Amino acid sequence: SDTATLPGNNNTKFFCVKLKVNMTSSTSCIMDCSEMEYFDNGKCILCLKCGPGEELSQECGFGSGGEAHCLKCKPRHYKDDWGHHDCKPCLSCKLLNRYQKANCTAGSNAVCGDCLPGYYRKIRIDGLHDMECMPCSHSSSSDPQCSSSSGIGVVKVWSSKTPPQDAAIASVICAAFVTMVIALSLLCYVYRRRTFI
């Protein structure tokens, strides 16, 4: 592997590799292009930039991707500015337990609104709200988003049912307790039989 420079340009480098296959040798050179350039006819050329709602058909950069062209974003993906970067997945307000104010299009992300009834947004240490809305519970009853007097149509969702995780934990603890009681009873029985025999 050898390195050569382009005549008249001290910054552009080629990496050449000599290959010997069946007694024939050939030299293959690849230009050292930047992350946003492809190699064509001895020069590095900037990759194509796609507009909002479009992305490149293939990766471009570091010398490859000269055949790339712009394609519309896939369904449920968007890109809201010009550039080489790919389209991003759309925000799902439903998964965040929030109302959807604006749909996602190829050129813009979805816009989420307030929490759905029975949900609230926690305030982080930095004073900002979390993206995801959490279900209201007894511990969050002091939050204005969970009180029915807030006037935004949010209702408390309190249930006398035990959440499934709590029920599973309680079952495991009870089973362990019963197993310990049975084991201790057997040990006491064996101990008594040995001491009274």
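In case it helps, this note's numbering puts the sequence shown at residues 982 to 1178. Beta carbons: idealized from backbone N, C-alpha and C, even for Gly. Just so it is clear, the structure is predicted and the values come from calculations on it, not from any experiment.
| query | result |
| --- | --- |
| Residues that DSSP places opposite Gln1081 in a beta bridge | Cys1093 |
| Closest by C-alpha distance to Cys1117, when choosing among Asp1061, Ala1083, Phe1177, Lys1103 | Lys1103 |
| C-alpha gap between Ser1109 and Pro1098, whole angstroms | The residue you asked about is not Ser; residue 1109 is Leu in the sequence shown. Taking the straight line from one Cα to the other gives about 21 Å. |
| Burial state of Phe1158 (16 or more Cβ within 10 Å) | exposed |
| Cα-Cα separation between Leu1027 and Cys1085, rounded to whole angstroms | 30 Å |
| Length of the line joining the Cα atoms of Met1161 and Lys1069 | 54 Å |
| Cβ pair Ser1038, Tyr1019 closer than 8 Å | no |
| Nonlocal neighbours in the same chain, by C-beta distance under 6 Å from Gly1132, ignoring five residues either side | A caution first: Gly1132 carries a pLDDT of 38, below 50, which makes its placement in the model unreliable, though a value can still be read off. Same-chain partners within the cutoff: there are none. |
| Buried or exposed (CB count within 10 angstroms, at least 16 for buried), Arg1057 | exposed |
| Backbone CA spacing between Asp1061 and Lys1075 [nearest angstrom] | 21 Å |
| DSSP bridge partner residues for Ser1045 (one or two, in chain order) | Gly1042 |
| Pick from Gln1081, His1050, Gly1042, Glu1016 that is closest to Cys1096, judged by C-alpha positions | Gln1081 |
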